[in-house]
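Residue numbers (the working numbering): 10 to 85.
Shown next, in the form of structure tokens:
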């Protein structure tokens, strides 16, 4: 009885348990999807663009941080 109830709950979406198999399959699907989008060059250019954007953001943050540090931590 208890086992039947549990199976019934699982089948009707009341209880959802991730399993290693499901997680592995989802990871594989995502990795395949990402590999098939665009050519190698397009993916490389996109990664490079993200890298440069991150560098710019980091430089801006450092500039603000060092400006505040030099002024004694007070905003001007």
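For each residue, glycine too, the CB sits at the ideal point set by N, CA and C.
Determine the contact status of residue 47 and residue 60, defining contact as a CB-CB distance below 9 Å.
-> Residue 47 sits at position 38 when you count from the first residue of the chain shown. Residue 60 sits at position 51 when you count from the first residue of the chain shown. Going by C-beta atoms, residue 47 is not nearer than 9 Å to residue 60.
Have a look at residue 62 and residue 33 and give me their C-alpha separation to the nearest angstrom.
-> The residue you call residue 62 lines up with position 53 of the chain shown. The residue you call residue 33 lines up with position 24 of the chain shown. Those two C-alpha atoms are separated by around 32 Å.
Where do the N-terminal and C-terminal ends of the alpha helix (DSSP H) with residue 52 fall, by residue?
-> As a working note, residue 52 is residue 43 in the chain shown. Unbroken alpha helix (DSSP H) run through residue 52: 49-79.
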